[in-house]
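What follows is a short report on a single structure.
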Amino acid sequence: MTGERNVLKRSQLPPDVNLCDYCAAKCCHYFALPIERPKKRRDYDFIRWYLLHDRASVFVEDGTWYLLVHTVCKHLREDYRCGIYETRPQICRDYSTDDCEYDDEWAYEQYFETPEQVAEYTEAVMPLPRNVTSIRSPRPPLLPVVS
């Protein structure tokens with residue numbers, strides 16, 4: 001699945017149209033779980049750990065932190081429809097196209113894709129312990145020049 005189905009903006013569609021007929025099922029290509037806002041270095045280290053795993057990112061929206069897992073629902077069919085629509089989970093039943101991300105641009109207050117980004121952010125927002133000058137590994141020594 002390419003995810004390239006919708007070419008029309010929501011505003012260009014007729015009123016009362018079923019957006020799912022035009023959408024590439026963005027909502028079925030990930031899930032996001034709220035996580036506690038990091039307050040200590042240890043909390044940021046957990047976030048770094050999350051990002052050491054494939055297909056994970058972390059974002060902040062309206063002050064709430066989320067773990068975002070980029071993974072396709074195993075019941076999403078080739079036609080971008082639900083293969084278990086009649087027995088889909090309640091979270092899917094509660095989801096409405098009124099506020100869906102049909103043509104959203106995916107901009108978040110903060111977005112982290114790598115553990116290095118989190119380490120850099122941590123250094124910027126958290127004071128370092130007295131005996132530490134950086135949470136980064138020390139620079140390795142230079143290799144000798146061989147002639």
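Heads up: the sequence shown begins at 1 in our numbering, then just goes up one per residue. The beta carbon of each residue, even a glycine, is placed where N, CA and C say it ideally should be. Model, not experiment: these values are computed from the prediction.
Three-state secondary structure (DSSP) at residue i?
{"i": "I47", "result": "helix"}
{"i": "A124", "result": "helix"}
{"i": "A119", "result": "helix"}
{"i": "L149", "result": "Past the boundaries of the shown model lies residue 149; the chain is included only from 1 to 147, so the question cannot be answered."}
What are the boundary residues of the beta strand (DSSP E) that includes residue i?
{"i": "I35", "result": "F31 to I35"}
{"i": "Q12", "result": "It is not in any beta strand (DSSP E) - Q12 carries neither H nor E in the DSSP assignment."}
{"i": "L67", "result": "T64 to V69"}
{"i": "E109", "result": "No beta strand (DSSP E) holds E109; DSSP gives it neither H nor E."}
{"i": "S57", "result": "A56 to E61"}
Pull up the distance between the alpha-carbon of residue i and that of residue j, whole angstroms please.
{"i": "R139", "j": "W49", "result": "22 Å"}
{"i": "N18", "j": "K74", "result": "22 Å"}
{"i": "Y111", "j": "V132", "result": "27 Å"}
{"i": "T87", "j": "D104", "result": "28 Å"}
{"i": "R77", "j": "R42", "result": "40 Å"}
{"i": "A25", "j": "C82", "result": "9 Å"}
{"i": "V72", "j": "A124", "result": "34 Å"}
{"i": "K39", "j": "A107", "result": "24 Å"}
Report yes if the CB atom of residue i is closer than 8 Å to the CB atom of residue j, and no otherwise.
{"i": "C65", "j": "P115", "result": "Residue identity check: residue 65 is Trp in the sequence provided, not Cys. Cβ distance not < 8 Å, so W65 and P115 don't count as in contact."}
{"i": "V118", "j": "L68", "result": "no"}
{"i": "Y44", "j": "T97", "result": "no"}
{"i": "C27", "j": "Y85", "result": "no"}
Within a Cβ cutoff of 8 Å, which residues of the same chain sit near residue i, ignoring the five residues on either side of it in sequence?
{"i": "H70", "result": "H29, Y30, R55, A56 and S57"}
{"i": "C100", "result": "L19, C23, K26 and C27"}
For the alpha helix (DSSP H) containing residue i, list its first residue and its last residue.
{"i": "I84", "result": "Where I84 is concerned, there is no enclosing alpha helix (DSSP H), given that its DSSP letter is neither H nor E."}
Going by beta carbon distance, what residues of the same chain come within less than 7 Å of residue i, once the five residues before and after it are set aside?
{"i": "E109", "result": "V60 and E61"}
{"i": "Q90", "result": "none"}
Excluding sequence positions up to five away, which residues of its chain have a Cβ less than 6 Å from the Cβ of residue i?
{"i": "R37", "result": "W65"}
{"i": "M126", "result": "R41"}
{"i": "K9", "result": "D103"}
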